[in-house]
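A.B. asks: This is the structure I want to talk about, given as structure tokens.
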Amino acid sequence: MTGEIGEIDETGEIDEGVAVLRRGGLVGMPTETVYGLAGDASNEAAVRRIFSVKRRPPDHPLIVHIADRSQLAGWSAHVPASAAVLADACWPGPLTLLVPKADHVLAAVTGGRDTVGIRVPAHPVATALLQCFGGGLAAPSANRFGQVSPTTAGHVRDDLGGDVDFVLDGGACPIGVESTIVDCTTSPPQILRPGGIADEEISRLLDGATEGSSGPTRASGMRASHYAPRARVEISETVAGATILAAQLASDGLAVDVLDPTADLVVAAQQLYVWLRDADTRGLDVLVAVLPPSFGLGHAIRDRLLKAAGRG
Ligand code: TXA
Ligand code: MG
1 MTGEIGEIDE TGEIDEGVAV LRRGGLVGMP TETVYGLAGD ASNEAAVRRI FSVKRRPPDH
61 PLIVHIADRS QLAGWSAHVP ASAAVLADAC WPGPLTLLVP KADHVLAAVT GGRDTVGIRV
121 PAHPVATALL QCFGGGLAAP SANRFGQVSP TTAGHVRDDL GGDVDFVLDG GACPIGVEST
181 IVDCTTSPPQ ILRPGGIADE EISRLLDGAT EGSSGPTRAS GMRASHYAPR ARVEISETVA
241 GATILAAQLA SDGLAVDVLD PTADLVVAAQ QLYVWLRDAD TRGLDVLVAV LPPSFGLGHA
301 IRDRLLKAAG RG
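Per the numbering used here, the sequence shown starts with residue 1, numbered consecutively.
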């Protein structure tokens, strides 16, 4: 199914998802970026189960997903001006804002920090689930810690099996890389993770008042190696360099292929995690990836490939 919410409603799947969430269960939730492993952000047991299913260290905080912009104030102690500007311009969409957390936000969600990451996803199935549920949904990407993020319902089932109670199938994620994360509690705001909204767009909206993600990052969960398939990932700045390296590795008897995402960055972002997963399905020893230029979606793709190579 392709995210036709009518279809999903007819089969009662949103209602079933909400019922699972209300009893503290976990739901595979399609978003425009990647699939999330969603649980009730106000239910401590559900939040703890997200960490244990993901095998994720507790100091890596979760993003809280909300149905619409009007709910932001309820999750933050106050909404910084930069967060208001970005939320108005980019939500629903692939942008997570770090804001000072409201008192009720569970320490289990924020890893004990005084900030919370919030986003309004732009996917009809996520929107329907959030609207019917009413509250916030804590949702990291629905993969085990450090591994490749899922962009289809099949990926979620393959990765998590019986550890996820219910998976909503919203088709393939249209963007394919995670949200851009902006810390709005600093001055100037700081881009912590490049993602589905280009850094240049964030800077433009804030009249240039941002620190880019090339600087030191304060967000945990962004260390090497992440987004990593079993196959070793090597990187090259040029197609020629990648071809030479691949030939050398092949002559050593390794199963190797070249991944060149530079032709179309929108397609490359959509397909990136499928390509990384395919490397394992095909039994490759090494995938040699060409790095796209650090512009637009290229920034996020570079970031994920560098991390997959353990060079993040
Ligand atoms: O597109 C996305 O953002 C997806 C979909 C499901 O919404 N979610 C996602 O979640 O990528 P996750 O948990 O895989 O990555 C969230 C990142 C982590 O690196 C986490 O450490 C960071 O955001 N993060 C969340 N809250 C934070 C906070 N309060 N302070 C610093 N970093 C935070
Ligand atoms: Mg993740």
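Note that the Cβ used here is the ideal one computed from N, Cα and C, for glycine as well.
For the pair the segment 67-78 and the segment 139-156, tell me if three or more CB-CB distances fall below 8 Å.
C.D. replies: The answer is no - the segment 139-156 does not touch the segment 67-78, with fewer than three Cβ pairs under 8 Å.
A.B. asks: Quick one: does the C-beta of valine 34 sit closer than 6 Å to a heavy atom of the ligand TXA?
C.D. replies: In the sequence shown, residue 34 corresponds to position 34, counting from 1. At least one heavy atom of the ligand TXA is nearer than 6 Å to the Cβ of valine 34, so yes.
A.B. asks: Rounded to the nearest angstrom, what separates aspartate 194 and alanine 268 at their Cα positions?
C.D. replies: Translated into the one-based positions of the sequence shown, residue 194 becomes position 194. Translated into the one-based positions of the sequence shown, residue 268 becomes position 268. Note on residue identity: the sequence assigns proline, not aspartate, to residue 194. Rounded to the nearest angstrom, the two C-alpha atoms are 15 Å apart.
A.B. asks: Going by other Cβ atoms of all chains shown within 10 Å of its Cβ, with 16 needed for buried, is histidine 104 buried or exposed?
C.D. replies: Translated into positions along the sequence shown, residue 104 becomes position 104. That one is exposed.
A.B. asks: Under 6 Å: does the beta carbon of glutamate 178 sit that close to some heavy atom of the ligand TXA?
C.D. replies: Translated into the one-based positions of the sequence shown, residue 178 becomes position 178. Flag set: Cβ of glutamate 178 near the ligand TXA.
A.B. asks: On the three-state DSSP scale, how would you describe leucine 168?
C.D. replies: Indexing the sequence shown from 1 puts residue 168 at position 168. Of the three classes helix, strand and coil, the one that applies to leucine 168 here is coil, per DSSP.
A.B. asks: Based on the DSSP output, what are the partners of histidine 65 in its beta bridges?
C.D. replies: Mapped onto the sequence shown, residue 65 falls at position 65. DSSP, once it has assigned bridges, lists Arg119, Leu137 as partnering histidine 65.
A.B. asks: Say the cut is 6 Å; is the CB of serine 141 nearer than that to a heavy atom of the ligand TXA?
C.D. replies: Mapped onto the sequence shown, residue 141 falls at position 141. Yes, the Cβ of serine 141 comes within 6 Å of a heavy atom of the ligand TXA.
A.B. asks: Going by C-alpha distance, which of Gly36, Ala81, Ala83, Ala45 is nearest valine 64?
C.D. replies: Working through the sequence shown from its first residue, we reach residue 64 at position 64. It is Gly36.
A.B. asks: Roughly how many whole angstroms lie between the Cα atoms of proline 174 and proline 30?
C.D. replies: Residue 174 sits at position 174 when you count from the first residue of the sequence shown. Residue 30 sits at position 30 when you count from the first residue of the sequence shown. About 10 Å.
A.B. asks: Hey, quick one: how far does the beta strand (DSSP E) through glutamine 190 stretch, first residue to last?
C.D. replies: The sequence position of residue 190 within the sequence shown is 190, counting from 1. Start and end: 190-193.
A.B. asks: Compare the beta carbon distance of valine 233 and leucine 306 with 7 Å and say whether it is the shorter of the two.
C.D. replies: Working through the sequence shown from its first residue, we reach residue 233 at position 233. Working through the sequence shown from its first residue, we reach residue 306 at position 306. Cβ atoms of valine 233 and leucine 306: not closer than 7 Å.
A.B. asks: Taking the alpha carbon of glycine 310 as the reference point, which residue from Gln147, Val53, Gly161 has its own alpha carbon closest?
C.D. replies: Your numbering for residue 310 matches position 310 in the sequence shown. It is Gln147 whose Cα lies nearest to the Cα of glycine 310.
A.B. asks: Return yes when the C-beta of proline 292 is under 6 Å from any heavy atom of the ligand TXA, and no when it is not.
C.D. replies: Position 292 of the sequence shown holds residue 292. Flag unset: Cβ of proline 292 not near the ligand TXA.
A.B. asks: When you compare the CB positions of glycine 176 and glutamine 270, do they come within less than 7 Å of one another, or not?
C.D. replies: By one-based count along the sequence shown, residue 176 stands at place 176. By one-based count along the sequence shown, residue 270 stands at place 270. In contact: glycine 176 and glutamine 270 (Cβ atoms closer than 7 Å).
A.B. asks: Helix, strand or coil for arginine 204? Go by DSSP, reduced to three states.
C.D. replies: Stepping through the sequence shown from its first residue, residue 204 is reached at position 204. If DSSP states are grouped into helix, strand and coil, arginine 204 belongs with the helices.
A.B. asks: So, helix, strand or coil for leucine 284, using DSSP?
C.D. replies: The count along the sequence shown starts at 1 and reaches residue 284 at position 284. Three-state result, leucine 284: coil.
A.B. asks: Would you report the Cα separation of leucine 106 and valine 239, rounded to the nearest angstrom?
C.D. replies: For the purposes of this step, residue 106 is taken as residue 106 along the sequence shown, with counting starting at 1. For the purposes of this step, residue 239 is taken as residue 239 along the sequence shown, with counting starting at 1. Looking at the two C-alpha atoms, the distance is approximately 47 Å.
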